[in-house]
Amino acid sequence: MTRFFASLGEPFERALCFMGSLAIFLGSGFVQIFTSPRIFVRSFRQIHVIGFQSLFLIVLISLFCGMVLGLQGYYTLIKFGSVGFLGSVVSLSLIRELGPVLTAIMLTGRAGSSMTAEIGVMRISDQIDALDVMDINSVSYLVSPRLVASIISFPLLTAVFDVVGIIGGYLTGVALLDMNQGAYFYRISSSVTMTDIGCGFLKALVFGILVTAVCCHQGYFANTRKDSVGPEAVGNATTSAVVIACVLILATDYVLTSLFL
Numbered sequence: 002m003t004r005f006f007a008s009l010g011e012p013f014e015r016a017l018c019f020m021g022s023l024a025i026f027l028g029s030g031f032v033q034i035f036t037s038p039r040i041f042v043r044s045f046r047q048i049h050v051i052g053f054q055s056l057f058l059i060v061l062i063s064l065f066c067g068m069v070l071g072l073q074g075y076y077t078l079i080k081f082g083s084v085g086f087l088g089s090v091v092s093l094s095l096i097r098e099l100g101p102v103l104t105a106i107m108l109t110g111r112a113g114s115s116m117t118a119e120i121g122v123m124r125i126s127d128q129i130d131a132l133d134v135m136d137i138n139s140v141s142y143l144v145s146p147r148l149v150a151s152i153i154s155f156p157l158l159t160a161v162f163d164v165v166g167i168i169g170g171y172l173t174g175v176a177l178l179d180m181n182q183g184a185y186f187y188r189i190s191s192s193v194t195m196t197d198i199g200c201g202f203l204k205a206l207v208f209g210i211l212v213t214a215v216c217c218h219q220g221y222f223a224n225t226r227k228d229s230v231g232p233e234a235v236g237n238a239t240t241s242a243v244v245i246a247c248v249l250i251l252a253t254d255y256v257l258t259s260l261f262l
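Each residue of the sequence shown is one higher than the one before, counting from 2 in the working numbering.
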């Protein structure tokens, strides 16, 4: 019986240890933002990697997401004689939920996995230890610039996702299915408020910090994994980072949505 309860408690203990380690790691990264010299110069390259290089992917995904929303929303609303509300359905779905969530998940797969792999390779090849030997704070050098870049890039890419998604809904509802153009944009302007926009941007900001913290943490401590060593540990750390970040994005989205309603 003791072994049974011990087996139940072990996963919770590991989860608590992980969350504590992640919180300390994130706090250290934030402190270094305000104390490290030339932090913003190093952040420009990360903004290019995380933000600009992900722009095409975000535009492509958001366009098709908006088109699907427009198509599904049109054929659902027409059953109730409420096609005029298509603009509200598309815009509010994108701005409040789909925009920040899908942007964060796409960036986790593209930029987050790259963070974990790059830092993990530096860890197993002793490059991080070399930074420490040279009295260069490795968290300041590797993690803090990525935090700054994510804080800037995630909300901006979410805004791009929302705008392009609304255009995609317009292409389906107005250009393809002959809905009234004025009714589409009128419903958008009358239903979307600054609270909705602020809610979406706040989610994007939280998701950016969360994704960066998880992915950098997994790569930074890739050498302490118990399931593998060397290059295999980097691969497993990258997989774990993407899975954990996506699960935390969805869980955090539920918590934030329930707070804002």
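Backbone N, C-alpha and C fix where the C-beta goes; we use that ideal spot for every residue, glycine too. Since this is a predicted model, take the numbers as computed values, not measurements.
query: Flag this pair as yes or no: are the beta carbons of Phe155 and Gly88 separated by less than 8 Å?; result: no
query: Can you list the alpha helix (DSSP H) stretches of 4 or more residues lying completely in the segment 3-54, in chain order?; result: 3-36, 40-51
query: Is the segment 126-144 touching the segment 63-74 in the sense that three or more CB pairs, one from each, lie closer than 8 Å?; result: no
query: Drop a sphere of 10 angstroms on the beta-carbon of Arg39, count the other beta-carbons inside from all chains shown, and report buried for 16 or more, exposed for fewer.; result: exposed
query: Assess contact between the segment 117-126 and the segment 209-227, defined as three or more Cβ pairs (one per stretch) separated by less than 8 Å. Is contact present?; result: yes
query: So, for Gly174: in the same chain, excluding its five sequence neighbours on each side, which residues have a beta-carbon less than 7 Å away from its beta-carbon?; result: Gly71, Tyr75, Leu87, Met180, Tyr185
query: By alpha-carbon positions, which one of Val32, Leu262, Phe261, Pro232 ends up nearest to Asn138?; result: Val32
query: Compare the C-alpha of Ile120 against each of Arg15, Val215, Leu260, Gly21 and name the closest.; result: Val215
query: Closest by CA to Thr36, which one among Ile59, Ile167, Leu262, Pro146?; result: Pro146
query: Going along the chain, which unbroken runs of the alpha helix (DSSP H) with 4 or more residues stay wholly within the segment 105-143?; result: 114-125, 128-134, 139-143
query: How about Asp163 and Leu95: do their beta carbons lie closer than 8 Å?; result: yes
query: Near Ile245, which residues of its chain fall below 8 Å by C-beta distance, leaving aside the five closest residues on each side in sequence?; result: Val215, Gln219
query: Taking the alpha-carbon positions, what's the Ser259 to Val235 distance?; result: 36 Å
query: Quick one: what's got a C-beta closer than 6 Å to Ser229's C-beta in the same chain, skipping five residues either side?; result: Asn237
query: Within 10 angstroms of its Cβ, does Gln47 collect 16 or more other Cβ (buried), or is it exposed?; result: buried
query: Looking at the secondary structure, which residues open and close the alpha helix (DSSP H) in which Ile153 lies?; result: 145-171
query: Counting along the chain, where does the alpha helix (DSSP H) carrying Val215 start and finish?; result: 195-221
query: Measuring only the C-alpha atoms, how far is Leu143 from Phe261?; result: 34 Å
query: Considering only C-alpha positions, which residue in the set Pro232, Pro12, Phe53, Ala24 is nearest to Ile153?; result: Phe53
query: Is it true that the CB of Leu58 sits closer than 8 Å to the CB of Arg111?; result: yes
query: Determine whether the beta carbon atoms of Thr117 and Thr239 lie at a separation below 8 Å.; result: yes
query: Could you tell me how far apart the beta carbons of Gly100 and Gly169 are, in whole angstroms, since I believe they sit closer than 8 Å?; result: The pair is not a contact, with the Cβ atoms about 12 Å apart (cut-off 8 Å).
query: Classify Arg15: buried if its beta carbon has 16 or more other beta carbons within 10 angstroms, exposed otherwise.; result: exposed
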